[in-house]
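Step one of this worksheet: look at the structure below.
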Amino acid sequence: MANQYTANRNLMKQTSNKNIGSKVDVLKWSEDMDLLAIGTEKGEVVLQRLKWQKVWQLSPPEEGLKVRGIAWRPWEKLIAIGYSNGTVLLINIETKEEVHSFSVEADITCMSWTENTEELPKDDISYHSVTSYTKYLPELPLLSTMSSSAKPINYNRSNFCSKHILNILIVGSTSRRVQLMAFGMLPCGTVDILAKLGMKSTSTARIRDAKMSLDFRQLIVALEYDDALNVVVLENEVLFKYSASVLNLALKHAQMLNTMAYMTDTIDCIIEAWETVLLEMDNKLTRFSKEQPEGSISADFLELLMFGTTSPALEQFLLRDLTEKGLRKLGTSIELCYVTIQKLVVKPLYTAIYDVFYHLTTLDGMLRNRYHYGVLLATPATELLRNCAALQMKAYELQKIIDTSKRDFKIFFRWLHVVIVRLMDETPQENQPIITQQEINYLADFLNSFDTSSASTEADAERSAIESRRKFNLERVGQYLEDKPLVQLPSASQEEGESQWKHLLSQNQCLRECPAIFAHHEKLSLIQQHKLMRQSFKKIFDQPGAVISEDFRQKNSLTIQTGSDSDGGGGDVRDSASTVRSFTFINHPKDNVTLIAIVQSEDSLLLVECFPDAGLKIVRIRFEEKPYFDQRFDAIGRLSFRQVQFYNPDTLSLLLRARANDDASVTTGCYFLLLNLGPVREFLATIEPREFMQTLSEEAAGCHGINAYTLIDESSLKLLDSNDGYMIAVSGKRNVMAVVSESLKNVRIYDMDGPDEEEDMLDTSSQINSSLENSQESIQA
């Protein structure tokens, strides 16, 4: 018998064996690519290829965070990673860039991704509105070519889904809430499980796993508390009926979210360039302004301009602190910074605002179809459109301020250069530019504003005085890049032709209140206006989640009582005696059911089918007495369940542990079993669906049972190398399996097909080279 199972073991070929530097917490295969994601106890996520080639390694967003969950987005090259502080990151696996992030504000307990199986037709009501934007919008300029501080990120992603199929990320947390996110970006509901069950809040309740049906009608949640596991079936009609509308909204939300992230990065680059200007002035001018009495700076400079005389303090500042060389350097530096800021405003910022405005216009058109979108979004996009238009006007205003500041600074530094040369009793250069009368007028206005502000209240005046003394009140652009109202509003000369339009609006209340005319918030800074637009953006796209959350209703539940194991202490100490050891879901597309496998105890496995009407069928698979007429299992010992995971909708993969017949506390080996669910589901077909609430105890009362030994054939049970296995991760599409050792620091990968012996002989040399490379890596490590 032992030789027989040794032969079976060879059908499953080990392709790699690797020691990990830290313990493995999470292990997840990609169903569409030969990639394995490993989350370690250090909070790092390592992406490995099938042949153990590292793709990249991602550090946690904050020190000390743990990886709680990993989920691969179907059909896409995106992976969702959940951390212990509730943060969820969406990472592009090709570039390791963060596509999106959100927080559930509690420790994460589970993550999964559910996708529909049917692609929506291209004649869908809003298909062209959400897919044709690339024809009309220019590509976003690459920020790294304009700013040294910008990351080389390409935001021009033409598609946010390769197929027109809705998928939803499900995140469970310790707050006993389940967060639903379409495409992992658009909030589609936050379901409070205890509230839906009518239970009081309890600290012992914990969400073990959650899954949605393929049509998104059902949300199935495994809630563990005390000595029981409650499988809850929740049902909603909104998400089921309006899934196509949710898909289109999610696509439009993702497009706008991408552009707004680009806009935020652009503003960050503008702020960094402005801080360079501020630093240059702080080194010289601010230090001088702090030493002078309030209101004296403008008077000293105007006196110098009008009469050519300087105060002793100003003369000392110009000759000793500023100097001619320092003045030239300061003028050149400030001019270059302003040129950089203006480039960022004129090209990237304008382009991003235009893109968002286009998306908002198409969204507003979509929302006018109340039949498809009226339930999800009751509030139109008018407020968001107005805020976006106001941001566009504020960016145009900033551009004009930059032009004015460049002109004024250029005149100011040229005039100071002449003054310093004269104070040093040197002969001016023959080709020295002459300051015209118009430039003198500009300069006088510039000097006169050093100690003045447009504050209208005492608080504004006090803040303006502080600003004036802090940074010499020379700089006009910086006030647009701070999260507070403007200190100095644009003068009438800067507004020029706009004054007539403003006068017309001030005289006509009906025009001011007309929704077709976008308001200009004069006192708001660019940062405040951008913040206001983001708030209205969040406000409008939070509506679908609130509607869907409210619609969830409990349809059915199954309470499974769990008890302590009877192995005499032979169980793993990392498992609580009263907890369900393993739990897994899978949707069966062909039969339109959801299959649930639960390892209730080391001797008991439950298989549950959930139907579209929320009916449940349950069967228990137990390791009972070995068939007396079948001697195949005599040499193995007593088998018990360790972990369960669906290999595919028709096959269940099981990690088993073998114990000695005479001493159950002695482990003799670990086995891997691929269990064909065909016979089990045929048995389930004879059971009536349970459409009522029920409780299933540890005993077999009220539940049909099957002896697990009768389901095992000769080729399905495989002995694992080293008799060491604690956790498995499988991929039925790739026919691969990964096994984590009891120490959680060793990962072995198996090819389930198993190559022929001739192929083994041909691959011998490559395996030797691979072993040498692994040895060298270990030595270097």
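UniProt numbering applies: residue 1 is where the sequence shown begins, and numbers increase by one.
Ideal placement from N, C-alpha and C gives every residue a C-beta, glycine not left out.
- Residue burial annotation: residue 394 is buried, with at least 16 other C-beta atoms found within 10 angstroms of its C-beta.
- Less than 7 angstroms divides the Cβ of residue 640 from the Cβ of residue 657.
- Apart from the 5 residues on each side of it in sequence, residue 320 has no Cβ closer than 7 angstroms to any other Cβ in its chain.
- If you look at residue 622, you'll find it in the beta strand (DSSP E) that goes 616-622.
- Distance from residue 582 to residue 680 at the Cβ level is roughly 17 angstroms; contact not present, criterion being Cβ atoms closer than 8 angstroms.
- Listed in chain order, the alpha helix (DSSP H) elements of length 4 or more contained wholly in the segment 145-176 amount to none.
- In this structure, the beta-carbon distance from residue 677 to residue 619 does not fall below 7 angstroms.
- Between the C-alpha atoms of residue 139 and residue 187 there is a straight-line separation of about 27 angstroms.
- The Cβ atoms of residue 166 and residue 113 lie no closer than 7 angstroms to each other.
- Shown here, residue 405 sits in a helix according to DSSP, grouped into three states.
- Going by beta carbons, residue 614 and residue 637 fall outside the 7 angstroms limit.
- Relative to residue 671, the option among 238, 600, 728 whose CA is nearest is 728.
- In the structure shown, residue 643 adopts extended strand secondary structure according to DSSP, grouped into three states.
- Rounded to the nearest angstrom, the gap between the Cα atoms of residue 87 and residue 71 is 14 angstroms.
- Contact between residue 257 and residue 366 does not hold, since the beta-carbon distance rounds to 16 angstroms and is not under 8 angstroms.
- Cβ-Cβ distances below 7 angstroms link residue 363 to 252, 381 in the same chain, with the five nearest sequence neighbours on each side left out; the list follows chain order.
- Residue 537: member of the alpha helix (DSSP H) spanning 526-541, first to last residue.
- Beta-bridge pairing by DSSP links residue 100 to 90.
- Within the same chain, and ignoring the five residues on either side of residue 557 in sequence, the residues whose Cβ sits closer than 7 angstroms to its Cβ are 230, 231, 232, 233, 693.
- By the 16-neighbour rule on beta-carbons within 10 angstroms, residue 25 is buried.
- Bounds of the beta strand (DSSP E) holding residue 189 are 186-192.
- Straight across, the Cα-Cα distance linking residue 218 with residue 507 is about 57 angstroms.
- Contact between residue 206 and residue 194 fails: their C-beta atoms lie close to 11 angstroms from each other, not under 8 angstroms.
- 735 is the residue among 735, 742, 741, 743 whose C-alpha sits nearest the C-alpha of residue 751.
- Taking 7 angstroms as the cut-off, the Cβ atoms of residue 164 and residue 120 count as close.
- Rounded to the nearest angstrom, the gap between the Cα atoms of residue 592 and residue 214 is 8 angstroms.
- At a Cβ-Cβ threshold of 7 angstroms, residue 29 and residue 731 count as neighbours.
- A Cβ-Cβ distance of about 11 angstroms is found for the pair residue 41 and residue 60, leaving them out of contact under the 8 angstroms criterion.
- Residue environment: residue 553 is assigned as exposed (fewer than 16 neighbouring CB atoms within 10 Å of its CB, all protein chains considered).
- Ranked by Cα distance from residue 323, the options 419, 310, 522, 499 are led by 419.
- Looking at the DSSP output, residue 669 shares a beta bridge with 658.
- With respect to residue 191, residue 171 sits apart: the two C-beta atoms are not nearer than 7 angstroms.
- Under the DSSP assignment, residue 14 falls in the beta strand (DSSP E) whose first and last residues are 13-19.
- Boundaries of the beta strand (DSSP E) harbouring residue 751: 746-751, taken from the DSSP string.
- The beta carbon of residue 118 lies closer than 8 angstroms to those of 165 in the same chain, with the five residues before and after it left out.
- Residues of the same chain with a CB within less than 8 angstroms of the CB of residue 416, apart from the 5 flanking positions on each side, are 318, 322, 327 in chain order.
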